[in-house]
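Protein sequences, first through last, are from chains F and H.
If you're matching positions, the first sequence starts at 23 in our numbering and goes up one per residue.
If you're matching positions, the second sequence starts at -15 in our numbering and goes up one per residue.
Each residue gets a CB set at the ideal place from its N, CA and C atoms; glycine is no exception.
Note that this is a predicted model, so its numbers are computed, not measured.
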Amino acid sequence: MTSLPRRFIGPIRVAVVIAMIGAVEILCRTGVIDPFTMIAPSAMVVALVRILETGHIGPDAAFTLTNTLAAIAVSVVLGFVLGAIVHGLPRLRRVITPLLAAYYAVPTFVFYPVLIVLFGLNRLPLIAIGAALGVVGMMVSTLDGLDRVPRVLLKTATAYRMTPFSVALRIKLPAAAPQLFTGVKLAVTYSIIGTLAGEFILSVAGLGRRLAIAYNDLDNPTMYGLLLLVLTTVVVLNAIVFHCERRVYRRWQRT
Amino acid sequence: MTPHGPGPATALTADAVGHVFGQAAGAAGVRALDRVSLELDTGEFFSVIGPSGCGKSTLLDIVAGLLAPTEGRVSFEGRAVAGEVPEGIGIVFQEDASFPWLTVWDNVAFGLRRQGMEAMEVARRVDYAVGFMGLGGFARHYPAQLSGGMRQRVCIARTLVLQPRLILLDEPFGALDQQTRLLMGEELLRLWRETHATVMLITHSLDEAAMLSDRVGVMSARPGRFISTLATGWGRDRDSEVIKDRRFGELTAEMWGYLRAESMRALKSPA
């Protein structure tokens, strides 16, 4: 098979996505997919525009966004700090490694009601469940990144008579950056899932709650409009992370 | 046997230095280095050659202060080397040790900035070192954009810029092809002449040792010790042309005479 010229790949990818959306549009418009199951993509856009026009969704969107960002921040900072600490304590690490590996096999979500009991019905249990899902991904990535710091770079640091703090900041941190970014991406994804799903189950506000209400009311336009809003937000958040990642080590990434 | 006697200007002394790995765990451990003694005259180019696994790199790590020996003592310019790399010693490793997140220029400037040197002086010294190593056109490049040989030049420039009085090189050209090695060897000689530094080069290449050195220490198979020390007799202005000299052939033959049996022994011994 001859390989595609690089400049065609991007446009082809966009074309595939557009074609798939177009196919769904046709299936909906021709009645193959009935409107109680799913509304046409174009109708979703119209619904979203209506939702945004009324402005009622503003407080809920802000609620969800701040909770998500808070969960991401907690996951990333706590995951990094815990990862760095565990990396420095090999014995502790031997004990908890299997636990970390099994972490995502546990449906962490079942603890959401416990968190509500602990924190009350407000934004705290949402941030907590989002962070609980994200933190271990960040922690494992931090451990992985620190493991991969080449020994020769640490030897070089010794030759420069650097202090442990300086080695951490100027050698280990940049050397582990690729894995740390993987951790941030995981934390973003898991935190979003955690906060939204929490809102969906039980919450006083938020996009997840609005989605649940629309779902129970069989209000498909609102539900799909909100779905589109959530997807767009998630894509934007991920795009920001990818952009940062590329800016930071696009040029020095080893090929 | 120890390389020749103490001179008035001794850069480095290793006194009955030995090392056993893994002793602390209660096991007998693996003896990497027998009791090795060594004296380097200030300004000399000394190479250490030996079969693989003979403890050459362990010796370098000990001399550099990166590894505390289980026996013996090392002193640099009369002061004991203990616990850290002394000021005045520069090290070039076999593996690529360039920082991939810094440009060539920033890589070379790294050590000077750590010393808190003034920016103008940093720029002056870095520009010189970068130019000296033929990296002038690549100052703004990242290591990933360079070949293996170029990256090793970056590491040498990074060491050179600190103006070390003793330069330790641990098989720095091991990953490079033969032609590049010869040229890098010439550059190393040029650097040695200009800086008046003492050089200790660890190598497994007979040619490299014979061409570059004032003296060559030949090590035995593990546990390593010096079985002979050869004086090459080259002038300071030597370059790769010496490989055409009859003496070059004699030197490599003599080294191989010592090393053949040792290398066989290294091959047969368990890893």
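For residue i, which of helix, strand or coil comes out of DSSP?
i                 : result
S212 of chain H   : strand
T(-3) of chain H  : strand
V145 of chain H   : coil
V284 of chain F   : Coverage of chain F is limited to positions 23 through 277, which leaves residue 284 of chain F absent and any answer about it impossible.
L50 of chain H    : coil
G72 of chain H    : coil
S25 of chain F    : coil
R232 of chain F   : helix
M203 of chain H   : strand
D239 of chain F   : coil
V54 of chain F    : coil
E23 of chain H    : strand
H265 of chain F   : helix
F157 of chain H   : coil
T(-14) of chain H : With a pLDDT of 40 at T(-14) of chain H, under the threshold of 50, the modelled position of this residue cannot be trusted; read the value that follows with caution. Correct three-state label for T(-14) of chain H: coil.
R231 of chain H   : helix
G151 of chain H   : Checking the displayed sequence, the identity of residue 151 of chain H turns out to be Ile instead of Gly. Strand.
I79 of chain F    : coil
H125 of chain H   : coil
E171 of chain H   : helix
Just to make sure I have the definition right: I need the residues of chain H whose C-beta is within less than 7 Å of the C-beta of residue i. Which are they?
i               : result
K177 of chain F : L50 and F77
State the Cα-Cα distance for the pair residue i and residue j, rounded to the nearest angstrom.
i                 : j               : result
V65 of chain H    : T42 of chain H  : 15 Å
L235 of chain H   : G120 of chain H : 36 Å
M104 of chain H   : P127 of chain H : 24 Å
I107 of chain F   : V36 of chain F  : 43 Å
P(-13) of chain H : R19 of chain H  : The predicted position of P(-13) of chain H is uncertain, since its pLDDT is 44 and thus under 50; no value can be drawn from it.
I215 of chain F   : I138 of chain F : 17 Å
T277 of chain F   : W218 of chain H : The predicted position of T277 of chain F is uncertain, since its pLDDT is 40 and thus under 50; a value taken from the coordinates is nonetheless stated next. So the alpha carbons of these two residues sit roughly 42 Å apart.
L185 of chain H   : V92 of chain H  : 21 Å
Y134 of chain F   : P147 of chain F : 7 Å
F210 of chain H   : L243 of chain H : 11 Å
L130 of chain H   : T119 of chain F : 38 Å
I280 of chain F   : A197 of chain F : A query on residue 280 of chain F cannot be resolved here, the shown segment of chain F reaching from 23 to 277 and no further.
I61 of chain F    : I73 of chain F  : 15 Å
R108 of chain H   : L96 of chain H  : 11 Å
A81 of chain H    : V210 of chain F : 33 Å
V263 of chain F   : A199 of chain F : 13 Å
R231 of chain F   : I79 of chain F  : 11 Å
A(-7) of chain H  : R192 of chain F : 37 Å
P57 of chain F    : C50 of chain F  : 7 Å
V39 of chain F    : G32 of chain F  : 11 Å
F131 of chain F   : L114 of chain F : 26 Å
F83 of chain H    : K194 of chain F : 11 Å
R230 of chain H   : T180 of chain F : 42 Å
F30 of chain H    : L24 of chain H  : 7 Å
V206 of chain F   : N260 of chain F : 10 Å
T187 of chain H   : V145 of chain H : 23 Å
E102 of chain H   : D111 of chain H : 14 Å
S64 of chain F    : L143 of chain F : 36 Å
M195 of chain H   : R220 of chain H : 11 Å
F187 of chain F   : R269 of chain F : 25 Å
E68 of chain H    : T179 of chain H : 23 Å
F222 of chain F   : T86 of chain F  : 11 Å
Run down chain F in chain order and give the residues with a C-beta less than 7 Å from the C-beta of residue i.
i              : result
G95 of chain H : Y182
For residue i, return the contacting residues in chain H, with the cut-off set at a CB-CB distance below 9 Å.
i               : result
P196 of chain F : F83, P84, W85 and L86
Y271 of chain F : P84 and W85
V174 of chain F : F77, Q78, E79, D80 and A81
Residues of chain F with CB closer than 9 Å to the CB of residue i, please, in chain order.
i               : result
R137 of chain H : Those do not exist, as R137 of chain H stays about 16 Å from chain F at its closest Cβ, beyond 9 Å.
R98 of chain H  : Y182, R183, M184, S188 and R192
For residue i, return the contacting residues in chain H, with the cut-off set at a CB-CB distance below 8 Å.
i               : result
V189 of chain F : Under the 8 Å cutoff, chain H gives no residues; its nearest Cβ is about 11 Å from V189 of chain F.
V71 of chain F  : Going along chain H, no residue has its Cβ under 8 Å from V71 of chain F, so there is no contact; the nearest lies around 44 Å.
Please list, in chain order, the chain F residues whose beta carbon lies closer than 8 Å to that of residue i.
i              : result
E68 of chain H : T180 and R183
Looking at the ligand HEM, does it come within less than 7 Å of residue i, judged from the CB to the closest heavy atom?
i               : result
K194 of chain F : Among the components modelled here there is no ligand, and therefore nothing to report on the ligand HEM.
Query raised in the report: Pairing CB atoms from the region 134 to 144 of chain H with CB atoms from the region 78 to 92 of chain H, are three or more of them under 8 Å?
Result: yes
| Under 8 Å (Cβ pairs) to chain F, residues found in the region 100 to 128 of chain H | Y126, P127 and A128
Problem - Touching by the beta-carbon criterion (3+ pairs, under 8 Å), the region 163 to 170 of chain H and the region 206 to 220 of chain H - result: Contact check between the region 163 to 170 of chain H and the region 206 to 220 of chain H: fewer than three CB pairs, one atom from each, fall below 8 Å, which does not count as touching.
Would the region 241 to 248 of chain F count as touching the region 68 to 80 of chain F if we require 3 or more Cβ pairs under 8 Å? yes
Review point. Does the region 149 to 167 of chain H come close enough to the region 67 to 81 of chain H to have 3 or more Cβ pairs within less than 8 Å?
Key: yes
Item checked: Segment contact, 8 Å Cβ cut-off, at least three pairs: the region 196 to 207 of chain H with the region 46 to 61 of chain H -> no
Tell me whether the region 176 to 193 of chain F and the region 122 to 130 of chain F touch, counting them as touching only if at least three CB pairs, one residue from each stretch, are closer than 8 Å.
At 8 Å Cβ cutoff, the stretches do not touch.
inquiry  = Taking 8 Å as the cut-off, does the region 151 to 158 of chain F touch the region 97 to 106 of chain F (at least 3 CB pairs, one atom from each stretch)?
reply    = yes
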